[in-house]
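Residue numbers (our numbering): 16 to 202.
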């Protein structure tokens, strides 16, 4: 199975890395596309080895300017796409069909082909424009997953939180058995 993973420049770059690790663990082949701001944010928030960590997941990287890449076509077979994190700029472009780079074009392909598209929308607080864009993307079939911690799992660290959110995003693609921790009823 093949999955597209987009990483935009919003804060929360570790979320993209967590998604890549979970996808690799379940045997997914990853087509990766990063915005220029994502590269900077990865280095700032994760560290100078962030790109090496992504490469270690076996990801096949595409240049964001290459709107003719394989993932820009509906005939290229993928199981779905995750954008983690998803900046408000990327969300707006996806919600309004502005296929001006490979990340937003690949997302539009998922929508037109009725494949899963999971957007880890990262911003706070939200403006009315953000909320309307989330609504538009949802109405077209995307799943908007704000990276909100599952406090009921009692995470011990930020890494636990990031790992759980990444696992939840992968689970929303419905590729197989869930990889995220689940609520056990509290008892």
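We put the beta carbon where it would ideally sit given N, CA and C, even for glycine.
Alpha-carbon to alpha-carbon, residue j and residue i
i: residue 56; j: residue 185; result: 22 angstroms
i: residue 178; j: residue 107; result: 26 angstroms
i: residue 62; j: residue 68; result: 10 angstroms
i: residue 75; j: residue 173; result: 28 angstroms
i: residue 120; j: residue 111; result: 11 angstroms
i: residue 72; j: residue 29; result: 14 angstroms
i: residue 129; j: residue 159; result: 15 angstroms
i: residue 86; j: residue 127; result: 13 angstroms
i: residue 146; j: residue 176; result: 24 angstroms
i: residue 42; j: residue 148; result: 32 angstroms
i: residue 24; j: residue 50; result: 6 angstroms
i: residue 54; j: residue 35; result: 15 angstroms
i: residue 59; j: residue 100; result: 14 angstroms
i: residue 170; j: residue 155; result: 33 angstroms
i: residue 142; j: residue 196; result: 31 angstroms
Beta-carbon spacing of residue i, residue j below 8 angstroms
i: residue 117; j: residue 65; result: no
i: residue 70; j: residue 77; result: no
i: residue 132; j: residue 151; result: no
i: residue 21; j: residue 98; result: yes
Span of the alpha helix (DSSP H) around residue i
i: residue 186; result: 173-186
i: residue 33; result: 28-40
i: residue 68; result: 65-70
i: residue 75; result: Here residue 75 belongs to no alpha helix (DSSP H); instead the beta strand (DSSP E) covers 75-77.
i: residue 126; result: 117-127
i: residue 104; result: 103-110
Nearest residue (CA-CA) to residue i, options the options
i: residue 13; options: 19, 105, 60; result: In the structure displayed, the chain extends from 16 to 202; residue 13 sits before or after that span and is not available.
i: residue 104; options: 169, 115, 76; result: 115
i: residue 47; options: 136, 152, 17; result: 17
i: residue 27; options: 194, 132, 190, 162; result: 162
i: residue 124; options: 140, 113, 88; result: 88
i: residue 37; options: 201, 193, 197, 199; result: 193
Identified DSSP bridge partners for residue i
i: residue 20; result: 47, 97
i: residue 132; result: 96
i: residue 169; result: Answer is none; residue 169 lacks a bridge partner.
i: residue 82; result: Residue 82 is not bridged to any residue.
i: residue 158; result: 133
Range covered by the beta strand (DSSP E) that runs through residue i
i: residue 145; result: Not the beta strand (DSSP E): residue 145 falls in the alpha helix (DSSP H), residues 143-154.
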